[in-house]
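Protein chains in written order, with the numbering used here: chain Y, 2 to 423; chain X, 1284 to 1441. For each residue, glycine too, the CB sits at the ideal point set by N, CA and C. Predicted model only: the values in this text are computed from it and were never measured. For reference, the structure discussed in these notes is given below.
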Amino acid sequence: MAHVIIGAGPAGVIAAENLRKVAPAAAISIVGDEEGPPYSRMAIPYLLTGQIDEAGTFLRKHADHFSQRNIDLVHDRVDAVDSEASQVRLAGGSTLAYETLLIATGSRPIPPPIPGIELDGVHPCWTLEDARNVARLATKGSRVVLLGAGFIGCIILESLALRGVDLTVIEMERHVVPRMLNEVPARLIEKWCAGKGVRILTATRATAINRGGSAAGLEVTLDNGETLPADLVIAATGVRPNIGFLEGSGIDTDQGVLVDRRMRSNVSNVFAAGDVAQGVDFSTGNYSVHAIQPTAADHGRVAALNMAGRDMEYQGSVIMNVLATLGLVSSSFGMWNGAEGGDAAELVEADRYRYLRLQFEDDVLVGSTSLGLTQHVGVLRGLIQGRVRLGRWKDRLVADPTRIMEAYLAATRAIGANRRIL
Amino acid sequence: MLRSLKLEPEKCTGCLQCEMACSYEQEGVFNPAKSRIKVFTFHHEGVFAPYTCTQCDEAWCMHACPVDAIVVNAATGSKDVLNDVCVGCKVCTIACPFGTVNYNQDTGKVIKCDLCGGDPACAKACPTEAITYVDADQTGLERMRAYAAQSAQISPGS
Ligand SMILES: Cc1cc2nc3c(=O)[nH]c(=O)nc-3n(C[C@H](O)[C@H](O)[C@H](O)COP(=O)(O)OP(=O)(O)OC[C@H]3O[C@@H](n4cnc5c(N)ncnc54)[C@H](O)[C@@H]3O)c2cc1C
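Laid out in structure tokens, this is it:
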């Protein structure tokens, strides 16, 4: 059996490792177009703060990790897939035949439609290459304008602030992380960051980027009439799945590659995983792209098992994020904005920067958002994904949303002997 | 035979010796807030329940880690955090559906139970044998694990 994987990010690598576990004799190749060993984009913020070096971003730490597992790493780009002939065409001109194919090509940043976005000194912060560019320009005291305060923007925000730059963040929506948190905790994050010297302008758009008067500098014009001088502009305004090379391949795409609960596309020997896959969302049952690490890991594993002929069905991915903005930790899970006909429990302690909101459907937790919560956060996933019936614990959580662990332990009888007593 | 922590709330008096022992063993301070095992209080029922990582086979924390900082300890079966590799991204804290991986704001790293390398301090400190370290198949862990499997996302196809 020959398995070919396109993309050497977490989804591709985890798939290859899982394939090897269940298919000891199969040929496994990963074709990846980025230089160097497979790495994790998620580690970039910590590279920027200097906490780790580039080796610290590597997905696997031993140089012979892949050769030991007889996984062939091919450094090349796939230009096209011929799903009828079951082969991929590489940029180098050669072809590679497969029996099963995994598309794990991730996503790429989409430049915002602003004149001047192509100028030198404007960078996304998505790849290791981008990170090197950002690190070069984001030096102590340099003026940095960050476009976008979504999840990725906010993660980079912390790294930039820790590098000691003079930072201004522009977000066109009403508040930061609009796809992760509602207004109450988002405003607390804004206040917290302002208190630490980071200027965040919400409901504001950049309308143009120009070469400034001085040779090195840029100028960012905003729709509020202001012009900001900048040594570096970072665009963190969103990403889109890498599916362009699939045009004409016969593989169905929408926002990403459409896959079923086995991560299989409309072509029976072609699968997709990670940021590029549009798979089942656990909460809504709809097909969506979840550009997050835990989904990439889950997808990679499910895809691998099915590629190896083990019939495995996926319940779908729970969207989940955890963020730290200058030390303030926030999280969101599942239907964090609530379900239709559902109800919520909320705890607001603005002066302590603490917030917790639980979303219920009947007596089942379906989503949550939190601020300032660092202990036992994962149990929110457990409650959501286990579709745990809370019974009388629902009312107790409404009275005190912080008792999530107690609710979990009692409602699931998680501890071996406690059936009688809880 | 691997051993596991057996947790028996009916024997727990809520004295918190386990939390003290854990934080001292792991962090060098007597501070329940830094303990990897936690005693949860159920006032209505008058029950105390010690709870920590079950070292589950699914190891959601380990698989979600973007930098390979969580590894299986071959001797004990525990899933251990490598402090020098952990970047503190906290993805494992949301990936673990049991809520037993926590972020330590002081160190900027995550912490979880590692069975103290095979000699868990909590079990030694427990005066009432509510926490014991026994052969894995005696712990009642099957139910926890059965539950984990049920709540897991992946099931054999039909
Ligand atoms: C700065 C930053 C911080 C992040 N923080 C978090 C976080 O805290 N939590 C979280 O859950 N997620 C986070 N993410 C998102 C997370 O990194 C992604 O969800 C994850 O990388 C997805 O993995 P993947 O394998 O699907 O895709 P990728 O990691 O993007 O890997 C895909 C690979 O395929 C390659 N490729 C693409 N097209 C081709 C082709 N035609 N031929 C060959 N190779 C190709 C790409 O170059 C890339 O190397 C962050 C991302 C960034 C950039």
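Coarse secondary structure for residue i, derived from DSSP in three states
| i | result |
| --- | --- |
| Y/PRO125 | strand |
| Y/PHE283 | coil |
| X/ASN1385 | strand |
| Y/TYR40 | strand |
| Y/ILE201 | strand |
| X/LEU1398 | helix |
| Y/LEU359 | strand |
| X/PRO1439 | Because X/PRO1439 sits at a pLDDT of 37, beneath the cut-off of 50, its placement in the model cannot be relied upon, and the point is left open. |
| Y/ASP167 | strand |
| X/LYS1321 | strand |
| Y/GLY275 | helix |
| Y/MET308 | helix |
| X/PRO1420 | Sequence inspection shows Asp at residue 1420 of chain X; the Pro mentioned does not correspond to that position. X/ASP1420: helix per DSSP, three-state reduction. |
| Y/ALA86 | coil |
| X/THR1359 | coil |
| X/PHE1313 | coil |
| Y/ILE156 | helix |
| Y/LEU229 | strand |
| Y/SER143 | coil |
| X/ASN1366 | coil |
| Y/ASP352 | helix |
| X/PRO1292 | helix |
| Y/GLU314 | strand |
| Y/GLU220 | strand |
| Y/GLY33 | strand |
CB contact below 9 Å: residue i versus chain Y
| i | result |
| --- | --- |
| X/ASP1351 | yes |
| X/GLY1297 | no |
| X/CYS1339 | no |
| X/ALA1357 | no |
| X/VAL1364 | no |
| X/SER1441 | Low confidence applies here, because X/SER1441 scores a pLDDT of 32, under 50, leaving its location unreliable and the question unanswered by this model. |
| X/GLY1382 | yes |
| X/VAL1370 | yes |
| X/CYS1375 | yes |
| X/TYR1307 | no |
| X/CYS1301 | no |
| X/ALA1347 | yes |
| X/ALA1304 | no |
is_contact[residue i, chain X] using C-beta, thresh 9 Å
| i | result |
| --- | --- |
| Y/ILE405 | yes |
| Y/LYS62 | yes |
| Y/ASP299 | yes |
| Y/ILE190 | no |
| Y/LEU1 | Residue 1 of chain Y lies beyond the stretch modelled for chain Y, which goes from 2 to 423, so this question has no answer here. |
| Y/MET181 | no |
| Y/MET321 | yes |
| Y/PHE67 | no |
| Y/TYR99 | no |
| Y/ALA162 | no |
| Y/THR375 | yes |
| Y/LEU410 | yes |
| Y/ALA105 | no |
| Y/ARG206 | no |
| Y/GLY328 | yes |
| Y/ALA136 | no |
| Y/ARG302 | yes |
| Y/ALA325 | yes |
Any non-hydrogen atom of ligand 3 closer than 8 Å to residue i Cβ
| i | result |
| --- | --- |
| X/ASN1314 | Of the ligands this structure carries, namely ligand 1, none is ligand 3. |
### Message
Along the region 37 to 57 of chain Y, where does the CB come closer than 7 Å to a CB of chain X? Name the residues.
### Response
Listed by position, the residues of the region 37 to 57 of chain Y near chain X (Cβ gap below 7 Å) are SER41, MET43, ALA44, TYR47, GLN52, ILE53 and GLY57.
### Query
Using Cβ-Cβ distances below 8 Å, what residues of the region 263 to 295 of chain Y are close to chain B?
Looking at the structure shown, chain B is missing, and the protein chains on hand are Y and X.
### Task
Would you be able to state if there are at least three C-beta pairs under 8 Å between the region 191 to 203 of chain Y and the region 243 to 255 of chain Y?
No contact exists between the region 243 to 255 of chain Y and the region 191 to 203 of chain Y.
### Query
Are at least three pairs of beta-carbons, each pair with one atom in the region 1379 to 1395 of chain X and one in the region 77 to 85 of chain Y, less than 8 Å apart?
No, because fewer than three Cβ pairs between the region 1379 to 1395 of chain X and the region 77 to 85 of chain Y fall closer than 8 Å, the two stretches do not touch.
### Task
May I ask you to list, following chain order, the residues of the region 1314 to 1336 of chain X that have a beta carbon less than 7 Å from some beta carbon of chain Y?
Hits within the stretch, in order: PHE1323, PHE1325, GLU1328, VAL1330, ALA1332 and TYR1334.
### Query
So, do the region 207 to 222 of chain Y and the region 177 to 184 of chain Y have three or more beta carbon pairs nearer to each other than 8 Å?
The region 177 to 184 of chain Y and the region 207 to 222 of chain Y do not touch, with fewer than three beta-carbon pairs separated by less than 8 Å.
### Query
In the region 1391 to 1419 of chain X, which residues sit with their C-beta less than 9 Å from some C-beta in chain Y, listed in chain order?
Listed by position, the residues of the region 1391 to 1419 of chain X near chain Y (Cβ gap below 9 Å) are GLY1391.
### Query
So does the region 294 to 301 of chain Y actually touch the region 325 to 335 of chain Y, counting three or more Cβ pairs closer than 8 Å?
Cβ pair count under 8 Å is below three, so no.
### Query
Would the region 23 to 31 of chain Y and the region 61 to 75 of chain Y be scored as touching if the rule is three or more Cβ pairs under 8 Å?
Proximity of the region 23 to 31 of chain Y to the region 61 to 75 of chain Y meets the contact definition, three or more beta-carbon pairs being nearer than 8 Å.
### Task
Report the residues of the region 139 to 160 of chain Y with a CB closer than 7 Å to any CB of chain X, ordered along the chain.
Listed in sequence order: no entries.
### Task
Check whether the region 1374 to 1386 of chain X touches the region 1319 to 1338 of chain X, counting contact only when three or more Cβ pairs, one atom from each stretch, lie closer than 8 Å.
Result yes; three or more Cβ-Cβ pairs closer than 8 Å.
### Task
Could you list the residues in the region 7 to 31 of chain Y with a C-beta less than 8 Å from some C-beta on chain X, going in chain order?
So the list reads PRO11 and ILE15, given in the order they occur along the chain.
### Task
With 7 Å as the C-beta to C-beta threshold (strictly closer), list the residues of the region 377 to 402 of chain Y near chain X in chain order.
Answer set for the region 377 to 402 of chain Y: HIS377, VAL378, GLY379, VAL380, ARG382, GLY383, GLN386 and GLY387.
### Query
Any residues in the region 330 to 350 of chain Y with a beta carbon nearer than 8 Å to a beta carbon of chain X? Which ones, in chain order?
Residues VAL330, SER332 and PHE334.
### Message
Closer than 8 Å is the cut-off here; do at least three beta carbon pairs connect the region 1367 to 1374 of chain X with the region 1345 to 1355 of chain X?
### Response
Enough Cβ pairs lie closer than 8 Å, so yes.
### Query
What residues from the region 112 to 132 of chain Y come within 7 Å of chain X, judged by C-beta to C-beta, listed N to C?
Per Cβ criterion, the list is empty.
### Inter-stretch contact at 8 Å, needing at least 3 Cβ pairs: the region 1320 to 1329 of chain X / the region 397 to 408 of chain Y
With a cut-off of 8 Å, the region 397 to 408 of chain Y and the region 1320 to 1329 of chain X count as touching, because enough Cβ pairs lie within range.
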